[in-house]
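The numbering used here runs 505 ahead of the 1-based position in the sequence shown. Note that the Cβ used here is the ideal one computed from N, Cα and C, for glycine as well. Note that the coordinates shown come from a computational prediction; the quantities given were computed from them, not determined experimentally. Worksheet: one structure, shown below.
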Amino acid sequence: MAAQKINEAHEHIAKAEKCLKTSLTKWKPDYDSAASEYAKAAVCFKNAKQYEQAKDAYLKEAEYHTENKTLFHAAKAIEQAGMMMKEQKKMPEAIQYIEKACMMYMENGTPDTAAMALDRAGKLIEPINLEKAVDLYQKAAGVFENEDRLRQAVELLGKASRLLVRLKRLDEAAVALQKEKNMYKEIENFPMCFKKTTAQVLIHLHRGDYVAADKCVRESYSLPGYSRSEDCVAMETLLQGYDEQDEDQVYRVCNSPLLKYMDNDYAKLAISLRVPGGGGKKKKAAAAPQGGASGAPAAAEEEDDYEGGLC
Numbered sequence: 506m507a508a509q510k511i512n513e514a515h516e517h518i519a520k521a522e523k524c525l526k527t528s529l530t531k532w533k534p535d536y537d538s539a540a541s542e543y544a545k546a547a548v549c550f551k552n553a554k555q556y557e558q559a560k561d562a563y564l565k566e567a568e569y570h571t572e573n574k575t576l577f578h579a580a581k582a583i584e585q586a587g588m589m590m591k592e593q594k595k596m597p598e599a600i601q602y603i604e605k606a607c608m609m610y611m612e613n614g615t616p617d618t619a620a621m622a623l624d625r626a627g628k629l630i631e632p633i634n635l636e637k638a639v640d641l642y643q644k645a646a647g648v649f650e651n652e653d654r655l656r657q658a659v660e661l662l663g664k665a666s667r668l669l670v671r672l673k674r675l676d677e678a679a680v681a682l683q684k685e686k687n688m689y690k691e692i693e694n695f696p697m698c699f700k701k702t703t704a705q706v707l708i709h710l711h712r713g714d715y716v717a718a719d720k721c722v723r724e725s726y727s728l729p730g731y732s733r734s735e736d737c738v739a740m741e742t743l744l745q746g747y748d749e750q751d752e753d754q755v756y757r758v759c760n761s762p763l764l765k766y767m768d769n770d771y772a773k774l775a776i777s778l779r780v781p782g783g784g785g786k787k788k789k790a791a792a793a794p795q796g797g798a799s800g801a802p803a804a805a806e807e808e809d810d811y812e813g814g815l816c
């Protein structure tokens, strides 16, 4: 089966080369037909799992689409070349091709396609390179934002913010979250603004900046419904406990369902938050291990990915 597909691929390449030849009666190469034949050859190579040859065929297809001034199809072929690199586990090269395709989509006047390709590239690279994934998600968000597609933009910004937290780049995460919150406010999704305020408070407290955390809550009072929300009550209680070095109060808020069921990266920030100095009131569960919730603090300690250096 594979040998048959490879033979078919070479037949298509031979046809493509014939399309490119000129003569006395044919002055111009037939780039359109050549591109089509290389596309068919690429599919045959892909089906035979000859990914390197498939990549080369897609790049040839892109070359002739470019000669034919059909940039959108050229970009599609280059993106497919990137996917052939992905099949070979050559992720940096895959991302380079996809980014090149995105630039061509932009030049062709199809920014939405560019943004979606950047999003796909971010998902591909995320398991092995969080920093690059952040870059790709932020670029995709920027493209959507320029097109006034804020719902798509804010979703991608959210991905970037969570990864910045995972990377412990908390200053950048704080900036990204503020941008998210502003977008949600613009599209009048106020409940999401509340959630972003909670995430901001957690980040600022981990940065040791109580003033910035308090400011986030105060600014959110202007959001419709915030002052009566459970998010507001929780953050006021958390800030009070943090300010008074009441470890028990901070622990109770950070381990409440409201915070524990946030996106995982923010939930980890919550359960790992500590009062600076630890000189205040101790957690009740820690002081009375015979209590029914005695296992909870220990479990929280095990999950503490942010302990040491963030407070």
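Measuring CB to CB, does residue i end up less than 8 Å from residue j?
| i | j | result |
| --- | --- | --- |
| A586 | A620 | no |
| L672 | E650 | no |
| A772 | L744 | no |
| Y543 | A521 | yes |
| A553 | I518 | no |
| I708 | A739 | no |
| C698 | L655 | no |
| D748 | Y715 | yes |
| A514 | F550 | yes |
| L641 | L668 | no |
| K700 | D736 | yes |
| Y569 | Y610 | no |
| I630 | Y602 | no |
| V758 | T742 | yes |
| V659 | L774 | no |
| A638 | N613 | no |
With distances taken from CA atoms, which of the options is nearest residue i?
| i | options | result |
| --- | --- | --- |
| D770 | M588, E631 and S666 | S666 |
| V755 | P762, E735, A772 and R779 | R779 |
| R712 | E612, L675 and L525 | L675 |
| D653 | D617, I633 and K605 | D617 |
| N634 | E604, I600 and A658 | I600 |
| Q657 | E741, Y689, K700 and M609 | Y689 |
| A546 | A580, E572 and A507 | A507 |
| E604 | A704, V648 and S732 | V648 |
| R733 | Y766, P696, E584 and R625 | P696 |
| P781 | A540, C524 and Q750 | Q750 |
| V548 | T615, Q509, G614 and S777 | Q509 |
| L764 | G627, N613 and A704 | A704 |
| N694 | L710, Y731 and E724 | Y731 |
| E566 | M589, A539, L525 and M588 | A539 |
| T702 | K628, M767, S541 and N760 | M767 |
| M588 | S777, R625 and Q643 | R625 |
| M590 | L564, M608, T571 and E572 | L564 |
Could you please give the first and the last residue of the uninterrupted alpha helix (DSSP H) stretch that includes residue i?
| i | result |
| --- | --- |
| S734 | It is not in any alpha helix (DSSP H) - S734 carries neither H nor E in the DSSP assignment. |
| Y689 | L675 to E691 |
| Q754 | E752 to C759 |
| T527 | Careful: T527 lies outside any alpha helix (DSSP H) and carries neither H nor E. |
| V502 | Beyond the ends of the chain as shown, which are 506 and 816, falls residue 502; an answer cannot be given. |
| N769 | N769 to I776 |
| E660 | L655 to R671 |
| V706 | F695 to H711 |
| L728 | Counting along the chain, L728 falls outside any alpha helix (DSSP H), and DSSP gives it neither H nor E. |
| P762 | P762 to K765 |
Relative to the ligand ZN, is the shortest distance from any of its heavy atoms to the C-beta of residue i smaller than 7 Å?
| i | result |
| --- | --- |
| E513 | Annotation note on the ligand ZN: not contained in the displayed structure, which lists no ligands. |
Inset, instruction - Please confirm if the stretch 551-562 is in contact with the stretch 529-539, defined as three or more CB-CB distances below 8 Å between the two stretches. - result: no
Legend entry - Inside the stretch 583-636 only - alpha helix (DSSP H) runs reaching at least 4 residues: 596-612 and 616-630
Legend entry - Validate contact between the stretch 680-692 and the stretch 658-665 using beta carbons, cut 8 Å, 3 pairs: The stretch 680-692 vs the stretch 658-665: in contact.
Legend entry - Contact between the stretch 586-598 and the stretch 570-578 (3+ Cβ pairs under 8 Å): Cβ pair count under 8 Å is below three, so no.
Inset, instruction - Scan the stretch 531-590 and note each continuous alpha helix (DSSP H) run of 4 residues or more that stays entirely inside, going in chain order. - result: 536-552 and 556-572
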